[in-house]
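Take a look at the structure below.
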Ligand code: PGU
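Residue numbers (our numbering): 805 to 1208.
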């Protein structure tokens, strides 16, 4: 018999969102007539913009002709798209050769684990996007260092307290806390990485949601970051590509391993071996998204989601809840004090028919919090607000004891 990969023993039975889905399904089975409103998974609800949708149609028609047909593209992605990303997101401070187009940020996070392998030690923010941890557990692992990120430290680790690790994962704007790192915070981390010979894996999947012009949208806005940081990003949230799939990873050519070997060269080797390039259709859609019209249309959708965030924030504030995030990020992180996140989740689902994401699903320091996503339709957000206004107790105290 084939032996099971022992690393899987370290994982919880389900990944966070399938676990939420499992509980929702069980409740619906018992209560088929109840309408549940989900502010849980960060999945987009607004249609593709007209410019993107037209391009997808045009491209698929072209593919149906002899002249327009195309097979495999370069594994790293179309040069024209890499150039556009370099221009729009990095003002040409990153070269197109340093950008690897992919089928999404989540997939790249997995590939980066293969790049560094089992021997690399990692540190993550706690709470954190669970994929950094689970993908590390799958490749095999040194103990993972969890860096508490709570209201007490403005959800950002103190560089003076960082352990000696090879890789530090940072996500800003943060999933789940909705906090956004300042330039000063990133500067301190970049200089820590340089001093300690560490690399930073920076997840900027929500950068387009930053409203405050003083907050950095990329780690490469920090001098010297190109020597120590990889940046992962995605079209999923800002362009509505959660289903279409398209992301990218920046591997600066200056990044080096201990013996001065090139990280870029190894990543190229990995990508050309394991990946045959993102879909040509997605890439055409992404180029359209970055056209002048495309960017304008996308901005309107971003504004729409951020209005959702402020509507939820307002409703929760009136009820006296302590809320973080939702200003430069599409997530709100709500503090319920001593309560257990999964119990709260269950209680709110059963009593008020709202689905949220339990904070403890993102790490121990997420206990007592719930995450609210602002990616819903306006109709759903308004329904959710009505539920909060009419069914939720005014404050945390009124909620206890939970009947579970
Ligand atoms: N990075 C972060 C920080 C994310 O929150 C997500 C999606 C991704 C990457 C994935 O990007 P793709 O380009 O679409 O692969 N997080 C969502 C969806 C759940 C999930 O498992 O990815 C969320 O609700 O947290």
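Even glycine gets a Cβ: it sits at the ideal position worked out from N, Cα and C.
Please state whether DSSP places residue i in a helix, a strand or coil.
{"i": "residue 1237", "result": "Given a span of 805 to 1208 for the chain in the structure shown, any question on residue 1237 remains unanswerable."}
{"i": "residue 1208", "result": "Residue placement at residue 1208 cannot be trusted, given a pLDDT of 46 that sits under 50; the coordinates are not used to answer."}
{"i": "residue 911", "result": "helix"}
{"i": "residue 1169", "result": "helix"}
{"i": "residue 1138", "result": "strand"}
{"i": "residue 1034", "result": "strand"}
{"i": "residue 836", "result": "coil"}
{"i": "residue 763", "result": "What is shown of the chain runs 805 to 1208, which leaves residue 763 out entirely."}
{"i": "residue 1054", "result": "strand"}
{"i": "residue 821", "result": "helix"}
{"i": "residue 1129", "result": "strand"}
{"i": "residue 906", "result": "strand"}
{"i": "residue 1162", "result": "strand"}
{"i": "residue 851", "result": "coil"}
{"i": "residue 1195", "result": "helix"}
{"i": "residue 1019", "result": "coil"}
{"i": "residue 815", "result": "coil"}
{"i": "residue 1176", "result": "strand"}
{"i": "residue 842", "result": "strand"}
{"i": "residue 952", "result": "strand"}
The beta strand (DSSP E) that contains residue i, what's its start and end?
{"i": "residue 964", "result": "Unbroken run through residue 964: none, as it is neither H nor E."}
{"i": "residue 1048", "result": "Neither: residue 1048 is in no beta strand (DSSP E) and is coded neither H nor E."}
{"i": "residue 928", "result": "926-930"}
{"i": "residue 971", "result": "971-975"}
Going by other Cβ atoms of all chains shown within 10 Å of its Cβ, with 16 needed for buried, is residue i buried or exposed?
{"i": "residue 916", "result": "buried"}
{"i": "residue 838", "result": "exposed"}
{"i": "residue 1208", "result": "Model confidence at residue 1208 stands at a pLDDT of 46, short of 50, so the residue's coordinates are unreliable; what they give is reported in the following sentence. Answer is exposed; the Cβ neighbour count stays below 16."}
{"i": "residue 903", "result": "buried"}
{"i": "residue 978", "result": "buried"}
{"i": "residue 864", "result": "exposed"}
{"i": "residue 1131", "result": "buried"}
{"i": "residue 1087", "result": "buried"}
{"i": "residue 930", "result": "buried"}
{"i": "residue 806", "result": "exposed"}
{"i": "residue 812", "result": "exposed"}
{"i": "residue 988", "result": "exposed"}
{"i": "residue 1091", "result": "buried"}
{"i": "residue 1113", "result": "buried"}
Can you tell me where the alpha helix (DSSP H) with residue i in it begins and where it stops?
{"i": "residue 1002", "result": "Unbroken run through residue 1002: none, as it is neither H nor E."}
{"i": "residue 1089", "result": "1084-1093"}
{"i": "residue 1145", "result": "1145-1156"}
{"i": "residue 948", "result": "Premise fails: residue 948 is in no alpha helix (DSSP H) and is neither H nor E."}
{"i": "residue 1070", "result": "1067-1078"}
{"i": "residue 806", "result": "Neither: residue 806 is in no alpha helix (DSSP H) and is coded neither H nor E."}
{"i": "residue 886", "result": "883-894"}
Cα separation between residue i and residue j?
{"i": "residue 886", "j": "residue 963", "result": "33 Å"}
{"i": "residue 818", "j": "residue 1082", "result": "27 Å"}
{"i": "residue 1182", "j": "residue 913", "result": "31 Å"}
{"i": "residue 1097", "j": "residue 889", "result": "16 Å"}
{"i": "residue 906", "j": "residue 1042", "result": "16 Å"}
{"i": "residue 824", "j": "residue 911", "result": "21 Å"}
{"i": "residue 1139", "j": "residue 961", "result": "19 Å"}
{"i": "residue 883", "j": "residue 900", "result": "7 Å"}
{"i": "residue 869", "j": "residue 1001", "result": "52 Å"}
{"i": "residue 1115", "j": "residue 867", "result": "43 Å"}
{"i": "residue 1005", "j": "residue 834", "result": "43 Å"}
{"i": "residue 1180", "j": "residue 1196", "result": "20 Å"}
Does any CB atom of chain D fall closer than 8 Å to the CB of residue i?
{"i": "residue 1120", "result": "Going by chain labels, chain D is absent from the structure shown, which holds only one protein chain."}
Round the Cβ separation of residue i and residue j to the nearest angstrom and send it over; I've been treating them as touching at under 8 Å.
{"i": "residue 820", "j": "residue 1159", "result": "Between residue 1159 and residue 820 the Cβ distance is about 13 Å, and since that is not below 8 Å, they are no contact."}
{"i": "residue 997", "j": "residue 1019", "result": "Not a contact, Cβ separation roughly 20 Å."}
{"i": "residue 1058", "j": "residue 1031", "result": "5 Å"}
{"i": "residue 1071", "j": "residue 919", "result": "6 Å"}
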